[in-house]
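Worksheet: one structure, shown below.
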Amino acid sequence: MAKPLPNPIRILVKGASTVGWLGEMGGPRTDFGFPRALEEALLRDGRPVETRTFSLPSERTKTAVRRWEREMIGFSPDVVVLVYGHYETIHLFLPWWLERHVNSRTVPVRRWSTLYRTRLLRPCWMFLARLQARADKKLDPTIRRNRPALVVADLEKIITHTQELGSPLVFLFELIPPATRYRSWFPGMAARIEVMNDAIEGLVKRLDLPNVRYFRIAELVDEHAGGELDIATPDGFHYSPTLHRIIGEQLAREVAAWADTQPHLQLTDLELTRSRRRPPSERAG
Amino acid sequence: MSTALQLPIRVLVKGASTVVFVAEMGGPRSDFNFGRVIESDILTAGRPVEVRVDGLPSQVAKFSLRTWERDVLGWSPDVVILHHGHYESIHFFLPRWLEKHANSTRWRPGGRLVTLYRKRVLRGVWLSSAKLQCRADRRLNSTLFRRKLLRVAADVERLIGQLQTVGSPLVLVLEIVPPGRRWQSWMPGLAERTAVMNAALAAAVRRVDLPNVRFVRTVDVWSAELDAGEEPTPDGGHYSARAHRVLGGLLTREILAWADTQPHLRVPAGERRPVRSGFPA
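Sequence lines, in order, name chains A and B.
Quick note: the first sequence uses my numbering, first residue 753, plus one each step.
Quick note: the second sequence uses my numbering, first residue 11, plus one each step.
In structure tokens, the structure reads:
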């Protein structure tokens, strides 16, 4: 008879480009994003794992609410990692659709489109971005206070729904401010991130569930990059390969510790786990 | 402590119907397309693998460019196999929307008017247009609209550039196979267009000039491995089960040789098994 195989830990990671991209793009294949570093660490620990990662540039929390059914109900993840709220802190007033249109990486190569993008769209965008940077310096950067409230409301909705799927372990990420490269373009972003982090941490406290946790990144930056944001996020926004790996390994430790408390994911005494799953009548017999 | 498990090799296959359909449709479950052959062969070599095949009938390169973020950014495949340019070279001038509309497999039967329209109007229009196209393809220069083909190569090149931002995966761009006998009468200029497409794709790969971006020549391999006179595309455009198997084997060898150079995918020498097809000879 074949040896029984353990259940893989099902992990779902969702977020904007911070999840998939690295601060140093185009590096070797061993430059993992944190979802793969998490997978590798768990496999190294002898734990089978199935990771699904959904990462799209500029993804907002409200889009995540729209997609949760398709991504979560069928898969029913054991662990959900949500990295949201970052995009909502970047711009003071420039709209999402314009940013996506200008910085799209999915446009086919066509002569007219290239001409339009380089001669018209790019200069307009740069002008508006400069205008925004000036306004961001003069106005209160957290003037749009409803944004963190909306992000938190959306996150709460996602978490409430995920808890209906067998109470998975949920991580909400702390956001880190932009490094030097983007500070001049978004002077108020650090202040907006602070408000957003408070709001997200407040949500976790309010929910008060042992399986819904706030995952601190700043501590890891302090510990491994001496608090230097330019080292932690070399391109200004995205984690360095080292930070991705550190985050992945830290997450793996927390996931493994939690998995040990879950009968269907325990590695030791597999037969016991299997007998627990058998119907009570069969067990009694 | 439990035994450490190995990281699976992640392989993404993107293309049109050529990557998913087998020419002998409705065959047994063991008639694998080359994506599944790769999975089977890598597993037979004792390595974990995760293959995702994103193939749709009439899928064109610009759609792959449109969806690459969703397919690649989160998952970050180690290997991306691109099989584009086939659909774009098929028709001389007939538009994609008409082809998709006429040959749609998604229309809902039942409505009398819809059935009547499809059988009496659309089918007739489509066949007349196809005959007209065939005649024009024979008389005119079949690469008259070569700009369309060059655009495909430009889209593939841009796609490769974007893929490289996500941890430099191995990118394999596949050569397009010339049409089989069955398609030659309908598309007399397809062989010339295929040659132009292949040259443009090979040039795009050369321009990228990276050791992990490769143009994979397939036609010679089929000539060597299939029986004399055996066509790789017996239905005219889709690979036979055997051709899929040969192609999958070729790609598996390429992938495993590359994986051995990657620290995260390397297998200790003692645990290595020879690459063998998972199928009986």
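Cβ coordinates follow ideal geometry from the N, Cα and C atoms, glycine included.
As the structure is a prediction and not an experimental result, all values here were calculated from the model.
Three-state secondary structure (DSSP) at ARG192/B?
helix
Determine the extent of the alpha helix (DSSP H) in which SER936/A is found, giving its start and end residues.
Unbroken run through SER936/A: none, as it is neither H nor E.
Please decide whether SER86/B counts as near chain A, where near means a Cβ-Cβ distance under 8 Å.
yes
Less than 8 Å between CB atoms is the rule here; does ALA291/B satisfy it with respect to chain A?
The predicted model places ALA291/B with a pLDDT of 40, which falls under 50 and marks its position as unreliable; any figure quoted below should be read in that light. Cβ-Cβ to chain A under 8 Å: no for ALA291/B.
Beta-carbon of HIS93/B versus every beta-carbon of chain A: anything under 8 Å?
no
If you draw a straight line from the alpha carbon of GLY918/A to that of LEU108/B, how long is it in whole angstroms?
47 Å
For the region 774-795 of chain A, list every residue whose C-beta sits within 9 Å of some C-beta in chain B, in sequence order.
LEU774, MET777, GLY778, GLY779, PRO780, ARG781, THR782, ASP783, PHE784, GLY785, PRO787, ARG788, GLU791, GLU792, LEU794, LEU795
Please classify ALA71/B as buried or exposed, where buried requires at least 16 other C-beta atoms within 10 Å of its C-beta.
So ALA71/B ends up on the buried side.
Could you work out which residues of chain A lie near LYS158/B, taking near to mean beta carbons separated by less than 9 Å?
What LYS158/B touches in chain A: nothing, since even the nearest Cβ is about 11 Å away.
Can you name, in chain order, every residue of its own chain whose Cβ lies under 6 Å from the Cβ of MET207/B, other than the five neighbours on each side?
GLY95, SER99, LEU159, ILE186
Going along chain B in order, which residues have a C-beta closer than 7 Å to the C-beta of PHE925/A?
Within chain B, no residue comes near PHE925/A; the closest Cβ sits about 15 Å away, beyond 7 Å.
By Cβ distance below 7 Å, which residues in the same chain neighbour ALA33/B in space, the five residues on each side in sequence not counted?
THR243, PRO244, ASP245, HIS248, TYR249, SER250
For LEU298/B, would you say it is in contact with chain A, using Cβ-to-Cβ distances shorter than 8 Å as the test?
This structure cannot speak to residue 298/B, because chain B is shown only from 11 to 291.
Compare the C-beta of VAL771/A with all C-beta atoms of chain B and state if any pair is closer than 8 Å.
yes
On the CB-based measure, 16 or more other CB atoms within 10 Å of its CB, does THR813/A come out buried or exposed?
buried
Would you mind sorting SER769/A into buried or exposed? The rule is 16 or more other CB atoms within 10 Å of its CB.
buried
Verify the CB distance criterion: does PRO273/B have a CB-CB separation below 8 Å to chain A?
Yes, PRO273/B counts as interfacial toward chain A.
Where ARG965/A and THR912/A are concerned, what is the direct C-alpha to C-alpha distance, given to the nearest angstrom?
14 Å
Are there 16 or more other CB atoms within 10 angstroms of the CB of PHE845/A, so buried, or fewer, so exposed?
exposed
Verify whether the separation of the beta carbon atoms of ALA943/A and THR894/A is less than 8 Å.
Less than 8 Å divides the Cβ of ALA943/A from the Cβ of THR894/A.
What in chain D is Cβ-close to VAL176/B, meaning under 9 Å?
Among the protein chains in the structure shown, which are A and B, there is no chain D.
Flag LEU1003/A as yes if its beta-carbon sits less than 8 Å from any beta-carbon of chain B, otherwise no.
no
Would you mind telling me which residues of chain A sit closer than 8 Å to PRO179/B, beta carbon to beta carbon, in chain order?
ARG781
Would you grab the beta carbon distance between THR805/A and VAL771/A for me? Rounded to a whole angstrom, and I think it's under 8 Å.
6 Å
Below 8 Å between beta carbons: does that hold for GLY775/A and ASP987/A?
yes
Can you pull the chain B residues whose beta carbon is under 8 Å from the beta carbon of PRO1015/A, in chain order?
Here the premise fails: no neighbours, minimum Cβ distance about 17 Å.
Quick test of your reading: LEU182/B and VAL29/B, contact by CB under 8 Å. State the CB separation rounded to the nearest angstrom.
The pair is not a contact, with the Cβ atoms about 12 Å apart (cut-off 8 Å).
According to DSSP, which residues form a beta bridge with LYS766/A?
PHE806/A, LEU834/A
Here's a check: name, in chain order, each residue in its chain whose Cβ is nearer than 8 Å to the Cβ of GLU926/A, leaving out the five neighbours to either side.
ASN949, ILE952, GLU953, TYR966, PHE967, ARG968, ILE969, ALA970
If the cut-off is 7 Å on Cβ atoms, which residues from the region 805-830 of chain A count as contacting chain B, listed in chain order?
Against chain B - using a Cβ distance shorter than 7 Å - the residues of the region 805-830 of chain A are THR805, PHE806, SER807, LEU808, PRO809.
Counting only runs of 4+ residues fully inside the region 121-174 of chain B, write out the alpha helix (DSSP H) ranges in chain order.
122-126, 133-149, 156-173
Would you mind listing the alpha helix (DSSP H) stretches within the region 232-285 of chain B that are 4+ residues and don't spill past its ends, in chain order?
251-269
Applying the criterion that 16 or more other CB atoms from any shown protein chain within 10 Å of the CB defines a buried residue, is ASN43/B buried or exposed?
Buried, by the Cβ-count rule.
Taking Cβ-Cβ distances below 9 Å as the criterion, which residues of the region 243-256 of chain B are in contact with chain A?
Within the region 243-256 of chain B, no residue qualifies.
Could you check where the alpha helix (DSSP H) with TYR97/B kicks off and where it finishes?
96-100
Can you tell me whether HIS853/A is buried or exposed? The criterion is at least 16 other CB atoms within 10 Å of its CB, across all chains shown.
exposed
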